[in-house]
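In my numbering, the protein residues as written are 26 to 120.
We treat Cβ as the ideally placed atom computed from N, Cα and C, and that holds for glycine.
Data first, discussion second: the structure below is written as structure tokens.
Take a look at the structure:
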């Protein structure tokens, strides 16, 4: 794979493979370290840019909604992503 960096003991991201940008972060191509052929989308949220209560609240709602989607309905839909994990580091949250 292209130059990548681990974000946890399970996942790595490819910084040069930006898939999209959102109001709270960027989405990058990532993969499982144990199975590099298993590709994932990783949203990287810079905590330094989450500078107000409204944005923090919206971020917590996004995480809660994505977490609950997998619990309520196991059927996949092409327009809905499944949250595999939340990785929290000093300055970033990765979804």
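Problem set entry | Endpoints, beta strand (DSSP E) assigned at residue 52 | 51-57
Exercise. If we count Cβ pairs, one from each stretch, closer than 8 Å, do we get three or more for the stretch 56-74 versus the stretch 32-39?
Worked result: yes
Problem set entry | Beta-bridge partners of residue 31, as assigned by DSSP | 37
Exercise. How many Å lie between residue 84 and residue 27 at the Cα?
Worked result: 30 Å
Exercise. Based on the DSSP output, what are the partners of residue 46 in its beta bridges?
Worked result: 51
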